[in-house]
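Just below is one structure, and these are the notes that go with it.
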Amino acid sequence: MTVLITGAAGFIGSFVARALLDRGESVVGVDNLNDYYDVTLKQARLARLDGKGFEFVQADIADREAMDSLFSRRADITRIVHLAAQAGVRYSLINPYAYAQSNVMGTLVLFEAARQLARLDHFVYASSSSVYGTNSKLPFATEDRVDNPVSLYAATKKANELMAHAYGHLFELPLSGLRFFTVYGPWGRPDMAAFIFTRKILAGEPIPVFNQGDMRRDFTYIDDIVAGVIGCLDSPPADRSQSRVYNLGNNRSERLLDYIAIIEEALGRKAEVELLPMQPGDVKETYADIADSTRDFGFVPKTPIAEGIPRFIAWYRDFYGV
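Residue numbers (my numbering): 1053 to 1374.
Below you can see the structure in the form of structure tokens.
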């Protein structure tokens, strides 16, 4: 049986694909290789997956004809990990249509295609901690209300959860959503804090620090996220009509300035900090309650930022020859 992974050239998708291949799974990876960020990085991630058991399909998940063709040809798909999305809170202010097309229409196309499979054991999809908006109760728990998004990106992720609820109820699709909390690590996205800060510090440029530095994030290392994704994939819901949602975070809320200090220490350089106001669509703090994911599939994050950041820096130096 085969696992379909969308966003296979992406940060999380490439790691999940590698982990599944390493345990002998057959994997079909889909990605459109768009130029939202450096395509050569995406291609380098894919190069790590090349080999027995892996098929790559370059296609847009919102392309109904392409997805119907893939699902018809690969009738052996029994599990889906849907990670493809237009990412980024700030970019949603610039190109909102990309979010509706990829995150909403793309997910709808996949739900419809999944309905046609002869056998579907589990469909796991990526949501986001951004759905919590400006909720003041901490840590964020999955039973909290999330109907006040402060970015279009967050609204599209909430839309995915609502669509999943409807498809589970109507068609008994076994669906689980994962709200990721600020994922970082080797092979990460260039638009994320670790990447931006590292590049600018090494270049001697000031780093942008929003809300005057008064920010906290639940930074979650990639290996822990992968363990959570696969743990969830291996634990489908007992009641196929009830879609589930889980938090995947480090269960710690870290000061942004402490995060920067660890990057400085790992690089052996001090950052020039440019203190800026809060950006539209951003939130001051995130913090994951992971009680449900720990209970249901044994999710226990193990990597503090003091360990994860030096691993990212080591990869960055090696990959970019710094």
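Every residue, glycine too, gets a C-beta built ideally from N, C-alpha and C. Predicted model only: the values in this text are computed from it and were never measured.
- Message: Suppose you measure from the CA of Leu1319 to the CA of Leu1327; what does that come to, to the nearest Å?
- Response: 21 Å
- Would Gln1153 pass as a contact of Phe1262 if the rule is Cβ separation under 8 Å? no
- Name the two residues that bound the continuous alpha helix (DSSP H) containing Asp1083. Asp1083 -> not in any alpha helix (DSSP H); beta strand (DSSP E) instead, spanning Ser1078 to Asp1083.
- Message: I'd like the ranges of any beta strand (DSSP E) spanning at least 3 consecutive residues and lying wholly in the stretch 1054-1139.
- Response: 1054-1058, 1078-1083, 1106-1110 and 1129-1134
- In the stretch 1309-1365, which residue ranges form an unbroken alpha helix (DSSP H) of at least 4 residues, counting only runs that do not cross its ends? Counting whole runs of 4 or more residues, the stretch 1309-1365 contains the alpha helix (DSSP H) stretches 1343-1349.
- Message: Going by the DSSP bridge assignment, what does Gly1256 pair with across the sheet?
- Response: Bridge partners of Gly1256: none, in fact.
- Does the beta-carbon distance from Ser1181 to Thr1338 come in below 8 Å? yes
- Own chain residues within Cβ distance below 7 Å of Ala1178, not counting five before or after: His1134, Leu1135, Ala1137, Leu1230 and Phe1232
- Query: In three-state terms, what does DSSP make of Ser1228?
  - Reply: strand
- Item | Cα-Cα separation between Glu1459 and Val1079, rounded to whole angstroms | The displayed coordinates of the chain run from 1053 to 1374. Any statement about residue 1459 would go beyond what the structure contains.
- Query: How many Å lie between Arg1167 and Ala1127 at the Cα?
  - Reply: 12 Å
- Does DSSP put Arg1375 in a helix, a strand or coil? The structure shown does not extend to residue 1375, since the chain is modelled only from 1053 to 1374, so the question has no answer here.
- Task: Let me know the secondary structure DSSP gives Glu1195 once reduced to three states.
- Result: coil
- Rounded C-beta distance between Leu1225 and Phe1175? I'm assuming under 8 Å. 6 Å
- Item | Segment contact flag, the stretch 1258-1276 with the stretch 1208-1218, C-beta cutoff 8 Å, min 3 pairs | no
- Task: Under 8 Å by Cβ, that's how I've got Thr1130 and Met1215 pegged, so tell me the actual separation to the nearest angstrom.
- Result: Not quite, the Cβ-Cβ distance comes to about 21 Å (not below 8 Å), so this is no contact.
- Query: Does DSSP classify Asn1299 as helix, strand or coil?
  - Reply: Of the three classes helix, strand and coil, the one that applies to Asn1299 here is strand, per DSSP.
- Residues bridged to Phe1175 [DSSP beta-bridge criterion]: Ile1132 and Leu1227
- Count the other C-beta atoms from every protein chain shown that fall within 10 angstroms of the C-beta of Gly1140, then say buried if there are 16 or more, exposed otherwise. It counts as buried.
- Hey, would you say Ser1363 sits closer than 8 Å to Gly1237, going by beta carbons? Note that residue 1363 corresponds to Arg in the displayed sequence, not to Ser. Result yes, Cβ atoms of Arg1363 and Gly1237 sit closer than 8 Å.
- Message: Going by C-alpha to C-alpha distance, which of Ile1357, Ile1365, Asp1344 and Gly1301 sits closest to Arg1307?
- Response: Ile1357
- Query: Three-state secondary structure (DSSP) at Ser1203?
  - Reply: coil
- What's the C-alpha gap between Lys1336 and Tyr1151? The alpha-carbon atoms of Lys1336 and Tyr1151 are separated by roughly 23 Å.
- Query: So, is Asp1102 buried or exposed, given that buried needs 16 or more other C-beta atoms within 10 angstroms?
  - Reply: exposed
- Message: Buried or exposed for Ala1165, going by 16 or more other Cβ atoms inside 10 Å?
- Response: buried
- Message: Taking its Cβ as the centre, do 16 or more other Cβ atoms sit within 10 Å of Glu1195, making it buried, or is it exposed?
- Response: Its Cβ having fewer than 16 others within 10 Å, Glu1195 is exposed.
- Query: Can you tell which of Tyr1311, Ala1218, Lys1252 and Pro1148 has its C-alpha closest to the C-alpha of Ser1293?
  - Reply: Ala1218
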